[in-house]
Each structure stands twice: as C-alpha cells, then as structure tokens.
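Chains A and B, in that order, are what the protein sequence lines are.
Residue numbers for the first sequence, in the numbering used here: 946 to 1526.
Residue numbers for the second sequence, in the numbering used here: 543 to 901.
Here the structure is laid out as structure tokens; the discussion comes afterwards.
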Amino acid sequence: MADDTLSPSLAGRLVRRAAAGAGELAHTLRQEPIKFAVLVGAALLLAGLVGWPLGTLFWKGFQVKGDGPFTLTNYISVFQEGGLIDALENSLYISGWTTLFSLLIAVPMAWAVARTDMPLKTTITAASAATFVVPSFIVVISWIFLLGPNEGSVTLFLESIGLALPFRIFSREGLIFVLTLHLYPLIFHTLASALSNMDASYEEAAGAVGAGKLRTLWSVTMPLMLPALVSGVILVFLDSLALFGAPRAIGLSGRFHVLTTKIYVLFRHPPRFELAAAAALPLMCFTVVALWVQKWLLGRKRFTTLTGRAAGAKPIELGLWKWALLAFCLLIAFLGLLLPVSTLVISSFLSSWGEPISWENLTLESYTVIADSPDVYTAVSNGLRLSFAAATICVLLAIAIVWMVERTEIPGRGLLSFLAMVPFAFPSVALAVGLILIFIHPPFELYGTLWIILVAYTVKRIAFAYIFARNALKQLSPEMEEAARVLGAGWLRTMGEVTLPLLKGGLAAAWVLIFSICLRELTMSILFYLPGTETMAVIVFNYFEDGTFEVAAAISVVILVISFASVYLVKSVIGKGVQEV
Amino acid sequence: MAQVKLELRGLTKRFDDVVAVNNVDLVVETGESVVLLGPSGCGKTTTLRAVAGFNRPDGGEIHIDGNRVAAAGESIPPEKRGIGMVFQSYAVWPHKTVDANIAFGLRIQGLSRSEVAERTKKALELVQMGGLSGRYPAELSGGQQQRVALARALVVEPTLLLLDEPLSNLDAALREEMRFEIRDLQHRLGLTMLYVTHDQQEAMVVADRVVVMNLGEVEQVAPPEEIYRRPRTRFVAGFVGQANLINGEVSEVRDGRAWIKTPLNAPCQVNPPEGFALEPGREVGMVVRPEDITVGGSSDGEGVFRGCLERRAFLGQNYDLTVRVGDAELRCQAPKDAPPATEDVSVHIPPEAWWVLED
C-alpha cells in the first residue's frame, strides 16, 4: 500500500474505479432520475459556490497587471505602491506576538484544568468557552472604553494615582493585547481536551523510572501533546491574521493597516479589486502553508495516546501553588470575558460616552435610539433573513453532499468533501475578494445586493453543516434507509421520511450554529454592504466609526444576547462538544 | 411442477479487485425456503443484497417471477422489486411507533386508512406483538424489535422474503425459539424465503435447501440432511457439523467394497460412493462424524482400530474425546454414562460411517 510510485496495478485499479464510478453515475441517471438530479445538482452548486470564487482568486491574484506575463518584480512594485508591504509586516508582527502570548496564557491554564487539583475547573473552562462566543469587534469596543487615551476608565483611574498604561490601546501592542485575550481559548480548549484524554500511564511510567514532575512534564507530556498544541497554535495564528473587526477599530485611530483592513480600503475608496486580490494572496499562502506544516508535523509520528481509559488519571497535587494558579486563571477569565462584557452592558446604558458611571448617567436612551432607527430595523431584518437563508441552504446542501460522499461510489466524492471543508480554513476577506471578482460582472451582477452576502455566508459556513451532517450520517446504519427502499419508497421519500428525521438533532444543531454565527458576521458583510444591505454587525461598526459608542454598545448587547441564547440552544439539542467547532 | 420464483444466472460481483460473488447459479421455487450458509466473507450477504437491489452485479442476471431485475451493470431499484427484507440490525425506525413502522409499506402503496389499520393489526398479531402497537422501538427488547421488523416485511405480502442474519443479534435461547417461529410462519403463509446465516444449526432448522458458499462460490446445494450426510466437498464437510477429515489412497477394490490406506494404523474399509468410481491408486478425502465412531467395545473385528486417548471433556449430553489412531487424531463421542476407562482404547468405525468426498 505504501508504494510511492504509481505501479501499473495501482494505475489499473484507479482506472477501473473511475470506470465503475462513471458506470454508477450513468446507472443512477437511468434508474433513479430524481436522485441523480438532486445529487448532481448539489455537487454542481457546491462546485460553483466554492470552486469558482476560490479558483478565480488564485488565478487573478497572480495576474496583477492585467494580461502581461507574470513576473515577481512586477508583483513587488504593485505591493509597494499600495502600501501592502507595511500591512503585511503589521499582520505578521501582530499575529506572531498574539500567538506567542496566547500560548503563554493557555498552556498553564490547560494543564491546571486537565491535570491538577486546582478548584473551579468547570468555571474556568466555561468562561474561556464563552470568551470566544463574543465577537472581536464587540470586545474591542469595551477595551477602547476602558483603555482609551483620554476618557478610558482605567486610564483615568491610573492617572489619578500617578500611573500610566504600559502601552497605548491605539497601537499594534494594544491590538496584540486585545487579540490575545480574545483568541487564547483556541489553544486552551484543544490542549485541555487532549490532556484529559491522554493515557495517564505514560506519565506514571516516567514517574516509575524516577523522573521528577517537571522532567515528566517536559519530556513525556509535552511531546505527546504536540498535535493538539500545533493545531491550537495554527488556529490562533490564522484567526488573528484573518480577523477584521478589532484591527480596523484600533488601526483606524492608531493609523496602521493590517492585510484585512488594507483589503477593506481597497474595496471602498475607490474600489481596486485587482489590488485587493494581490493583498489576499499572502493570506491564502499563510493558510495553505500553515495547514501543510500541521499535516507534515503530525504525519511524521504516530501519536497513539487516546486509549479511552483516561478516567483513572489522578490529579497532580499542587499544595499552595494551586491558589496562585487559580488566581492567574481567574484573572484571565475576568479580563477575557467578564470585564469586557460588563463594560459593554454598562456603557450601553450610559447617556453619553466618557461620562463617569453613576446612577444619574444611566438611561435607556441608546436602546430607544436603536428601537426607533429605520437603519437598525433594516439591518436586523437583513441579518435575520440572510442568516435564516444561509443556515437553511448550508444544511440542505450539506446533507445532499454528505449522502453522496458516504453512501455512493460516484467519482469525485473526495473533491466534494474538500470543497465543502476548504472555505472553513480560508480567510473571510480572501473569500470576499474571490466572490467580488465574479459577481461584479454580468451574468451574475450581484454586487450591492443581499444575494452576494448570502452566497458569502453560505460558502464560509457550509463546512459546519458538512461536519455535523457527516457525523450524524456515519452513525446512521444504511439498513435504516434500505428498509424503506424495499418497502417501496423511492429515494426522495426515504430521505424525507427516514434519513432527515433521524438526522434531525445534528442538522438542527448545525442550523442554529450557522444562524447565530451569520447573524453577527462582520468581515464579509462590511466588504459587501451598500446602503440598504447593512447587517447588525455593520451597523455596530458604523455607529462606532461615527463615534456614537453607546449606541454601538447597545446593539452589541443585543447581538450578544442572541449569540449566547443560540449557543445554549445548540448545547441543549446535542449536548457537549459544541465549542470545538 | 413448482413455479420458479427467483433465479440467479452466473451472478458475479466484484469490489475493486476482490471477487465477492463468482458465477453463482441458483433457482428458488415458489414456497421454498433456501438458506445461504457460509463463513463471513463468503459472498452470501453480497448475493442477498444483489437480489434486494442494493448492489449492481458485474456479471450474470437476476430474475424474479420471470422478470429480469438485474444484469451486468444494470439493476432496477429495490422499491420496484416487490420484495420484503429483514435486516441483521432490525433497522426498525426509532422515530416511528411500532404501528407506524409496520404501516409504512402499506402507506407507500396508497391504501385506505382503514385497510392500513386493519392489516397492521393483523401483522402485529401474526408476530404475537398485539399489545405493543403504540410503543417506540427504544422501549422494546431486541427480540420484540425483530418481531416488528418481521411484521413490517410481511405486512406488504412480499413475493419474496429476504432475511439477512436476522437472529444473530439475539441471545442464544431466543435465537433458538425464533428459528422455529420463522420456519412456522414460512409454512403457514407459504412464503418464499432467501435466508442468510453463518449458523449451521439455524440453517438446518429454517431451510428446505441449504446453499453452502465459500470464497464467493457455491460449494453445494442440497436439503439439510444431505448436506450433513453427504457433503460434496471438504469445505462443506468441515463447515457443517464436526467432522474428521482423513486423506488416503485407494489400495484395493473388491466385491463392492474398497479399502483405503490412510494415516490410521490399519486400512479403512468403505462403501464405494455413488456417482464416481474408485480405482486403486486414486487419492481420496474421507469424512467420518464423531457420533458415528464407537469408542471402547470389542477389541477386534471389521473396522476396529487400536488408539490412545489424548484428551477428554465432559459436555453434558456426552463426552468429547480425542483419540490418536496411528498418525491421525480422531474426534469421537462417548455416551455420558460410559466414558472410556483406560488410555488404550479400541475405536470402531463401520464401513457405512465413512463418506468419500468427490473432490
């Protein structure tokens, strides 16, 4: 099997398999035309929605100067002219440090929660899961409120006792601070779940041959945790590169750009989509390289630590140190979740930004403003309609694709699986550039309509529906469907009466998850919106950029309530394990 | 002459490079119960699923009631074949009540509400599940779920009933009971059944004819008694029941008797088989069943060998013995009240106890 060369027999097998697959396809068309239409239609739709924009993006990204031949110098000159080199440098600087600081925070927290006798473990885990539910463009508003240079509450407090912040919030360092507290849960969760699934006998074995606690940690536990660690690090790195909200909010006053904010500018003032495509290229390259590194690193060794008998692992006793560790964890949870959220809620009730917090200054004014504003009404209505449609299309499309991948021999199934999964890792801005390159021209001139946003949401989130549907279908015995077929039900009726009802739980969870994530989506919505197609997140951002912070905060509170409510809903539908997605 | 219900002509199915079913011919007559028996991977389930329409044959044809339903690369979908099927996992739908499970096939046929209700009720009574119509499958035991699955398949009065290891998930006692019940239903309703199992006892109870399969090919098709008493091949002899397989060479043929030279310490006298001739020098395989060997008894005479007791185990209804005779080991049985008393034993194998294999 592990033959590197394509041996004749392997080639023959591939040819035979392709022929068999083509035969099945033709046979399905002859005998079950409805099934054929649904499956092939779904496959073509997916290929169009995902393959077309991504393909166009790669193609155009390399053809910066129109029809001329591709040369590197040509490319670099374009980069310099647009100020893209600075943005690239900033992006790497910010993501690099964010990843490092997240690692420094998350590793001790994960170890403490998974392996020691520290109290309040569940609280810490729940708090860091909730941290990630709050979108970065909302967190950043709180931090500006707290740490802003002139009227920030913490800044003023420190001044009153003769101290100053070690960094300015409107700077690259300020952004690193905000992003670290926002993204560390990605490493924390992957590492903590890997640590608690790890077979403790590896550590016991090291202890038995006389290795001390630290030595065991360094030479046994850490190497075994490498896969989880690498995944977490890559997630943080890619996410911090791809984020738009926080970098835009801070970079605007801090007068610096990262790649995503640069692309935003290239979309708007005036639109220069070819340059945007060039700016998206490094983002895509980092994504591809990071995923490739992950695969390469993890592929070299076999990590077999998940034996499922981890329950007996005895927690390490820390003595008095556990209180120090707890204090650290609580501080992070406080800074990552409680402080920004409570600040946001309080400031949404302030009569005006920068007023001291006292009973006289608290009003419902901001909420009346949003209740009376036609813009907000349009945005909420757009958001609900888009999210509803995107979630529904994702789920329906995913179930057809998953069924085809899991239940048939039709050729190209691997490619479909890849197409459904790849936008998940793909930066939203890059995806948006790909879509604009297609939908700015006839025949699909969708720029400026809600349709292009719907396509963007669907493409970006199809992977969630695909994963949920695949896991659900894998647990469903094909015999359940076959039993209906022999009794006379056709394919479509079997899907409707047996398959879909039995996958209900997983599909409902995917639907709610996609709905809630789309409802607060900022990056692609703000790139695509024109007057009339704003969404809730776009409105938050516009109020924020106008300086009406308290109204931005009020809408953010509404978004947060919806987000937490839907996460709660998903959890009650399918139980644990949602945060991992 | 009985009518042909199902006919397989040269059925062949490949998965990638592996030939799962190779050139299988089979005729099942109306009202007959035919069991496909064999070890896992022998192609019996693949054959059944081809009949159901869940896989497309790579070669050969399948005819049901004289209509061709599948040929190489072409296969009409399962819902157009008028068959019923009972699955190994029962496949009772957990989101539907017992009633709704059974009524499904009738609803698909578009029958009136009252007729659906009436026939559903009858089907439930048929499998002795009368009181449980409103329950959900999760509230039923495995045996009850299998009854629901059976009722669901029977209620549409299928022209052909397929059963894929229907009892293998049940516990031993229930399995034994259900064999007889299925056989009884088959007789009462005049069902035509194609039944897959790896359990030879189950096959014996349920079958009019047994099809023993190995490595994708049919080894023998015959009624249960014949399969046991007159296995055609080594594989059938070994797979169905316990058997001592001895290889030998014909040394003498005289007066309608044959003597075979074997690893046993004396020539074996056998009755010549029907259908083919034995001549001196021919190599043959021979089978003798443990229960046909007498251990102890007189120490000389026709078909008596001297042996040495190697192992014995008490199984309740009898003793299971291993006796070394010459260079061969023989599995034998002794009655529960008469175990051999000494290490040295005499073993008696009458000529009619030997069965000479064709291959």
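Note that beta-carbon positions come from the ideal geometry of N, C-alpha and C, so glycine has one too.
In chain B, which residues lie less than 7 Å from residue i when you measure between Cβ atoms?
i       : result
A/G968  : G615
A/V1443 : W635
A/P1285 : Going along chain B, no residue has its Cβ under 7 Å from A/P1285, so there is no contact; the nearest lies around 43 Å.
List, in chain order, every chain B residue whose beta-carbon is nearer than 8 Å to that of residue i.
i       : result
A/S1470 : Result: empty, since nearest Cβ-Cβ is about 38 Å, beyond 8 Å.
A/L1447 : W635, P636 and H637
A/E977  : P619
A/E1427 : A594, F596, P620, M627, F629 and A633
Buried or exposed: where does residue i fall if 16 or more other Cβ atoms within 10 Å of its Cβ makes it buried?
i       : result
A/V1233 : exposed
A/L1399 : buried
A/V1340 : buried
A/Y1513 : exposed
A/E1266 : Looking at the sequence provided, one finds Trp at residue 1266 of chain A rather than Glu. Exposed is the call here.
A/R1254 : Residue placement at A/R1254 cannot be trusted, given a pLDDT of 42 that sits under 50; the coordinates are not used to answer.
B/W897  : buried
B/D886  : exposed
B/W801  : buried
A/E1426 : buried
B/A665  : buried
A/G1117 : In the sequence on display, residue 1117 of chain A carries Arg and not Gly. Buried: at least 16 other Cβ atoms inside 10 Å.
A/V1238 : exposed
To which residues of the same chain is residue i closer than 7 Å at the C-beta, ignoring the five residues directly before and after it?
i       : result
B/T589  : L553, V563, V566 and L578
A/G1011 : Residue confidence for A/G1011 is low, a pLDDT of 48 falling below 50, so the modelled location carries little weight and cannot support an answer.
A/A956  : none
A/A1278 : I1069, A1072 and S1073
B/V738  : L578, K586, T587, L590, L705, D706 and E707
A/S1422 : none
A/R1193 : T1206 and Y1209
B/A633  : A691
B/Y770  : V782 and G783
A/A1401 : L1376, A1377, L1380, M1469 and F1473
In chain A, which residues lie less than 7 Å from residue i when you measure between Cβ atoms?
i      : result
B/S631 : S1422 and E1424
B/R598 : H972
B/G626 : V1431
B/A594 : V1431
B/G647 : L1432 and G1433
Mind pulling the chain A residues with CB within less than 8 Å of residue i?
i      : result
B/V698 : L1432 and G1433
B/Q651 : G1433
Leaving aside the five residues before and after residue i along the sequence, list all residues of the same chain whose C-beta is less than 8 Å from its C-beta, in chain order.
i       : result
A/F1248 : Low confidence applies here, because A/F1248 scores a pLDDT of 48, under 50, leaving its location unreliable and the question unanswered by this model.
B/L712  : G684, G685, Q688 and M720
B/E657  : L648
B/M671  : V640, Q686, R689, V690 and A693
A/L1382 : P998, T1001, L1002, K1005, F1218 and A1222
Taking residue i as the reference, give the member of the options with the closest Cα.
i       : options                               : result
B/C850  : B/E871, B/P832 and B/E900             : B/E871
A/G1000 : A/L1275, A/A1375 and A/D1491          : A/A1375
B/G685  : B/L705, B/V658 and B/M720             : B/M720
A/A1497 : A/L1445, A/T1288 and A/N1416          : A/T1288
B/R730  : B/R866, B/G858 and B/E574             : B/E574
A/F1077 : A/L1131, A/R1406, A/A1051 and A/D1320 : A/L1131
B/G780  : B/E794, B/L682, B/Q762 and B/V792     : B/Q762
B/V792  : B/I606, B/M828, B/P766 and B/I769     : B/M828
A/I1039 : A/A963, A/R1415, A/S1185 and A/E1148  : A/S1185
A/W1056 : A/E1305, A/A988, A/G1028 and A/E1262  : A/E1262
B/M627  : B/F596, B/R610, B/G839 and B/A614     : B/F596
B/E723  : B/R873, B/F856, B/P822 and B/A749     : B/A749
A/G1576 : A/F1082, A/A965, A/R1113 and A/T1043  : The first residue shown for chain A is 946 and the last is 1526, placing residue 1576 of chain A beyond what the model contains.
For a contact meaning CB atoms closer than 9 Å, what does residue i contact in chain A?
i      : result
B/D558 : R958, R961, R962 and A965
Enumerate in chain order the residues of its own chain whose CB-to-CB distance from residue i is below 6 Å, with the five nearest sequence positions on each side excluded.
i       : result
A/M1054 : F1133 and C1274
B/H605  : E549
A/L1452 : V1340
A/V1123 : V1085, W1088 and A1191
For a contact meaning CB atoms closer than 9 Å, what does residue i contact in chain B?
i       : result
A/A1414 : Neighbours of A/A1414 on chain B: none; closest Cβ ~17 Å, over 9 Å.
Does the ligand MG have a heavy atom nearer than 7 Å to the CB of residue i?
i       : result
A/P1172 : With respect to the ligand MG, the structure shown offers nothing to examine, as it has no ligands at all.
Hey, which unbroken runs of the alpha helix (DSSP H) at 4 residues or more fall wholly within the stretch 1033-1119 of chain A?
-> 1066-1078, 1081-1092 and 1098-1105
Ignoring anything shorter than 4 residues or poking outside the stretch 1417-1455 of chain A, list the alpha helix (DSSP H) runs there in chain order.
-> The stretch 1417-1455 of chain A is shown to contain whole alpha helix (DSSP H) runs of 4 or more residues at 1423-1431 and 1436-1439, in chain order.
List in chain order: all unbroken beta strand (DSSP E) runs of 3+ residues lying wholly within the stretch 836-887 of chain B.
-> Here the runs fully enclosed are 846-856, 860-867 and 870-877.
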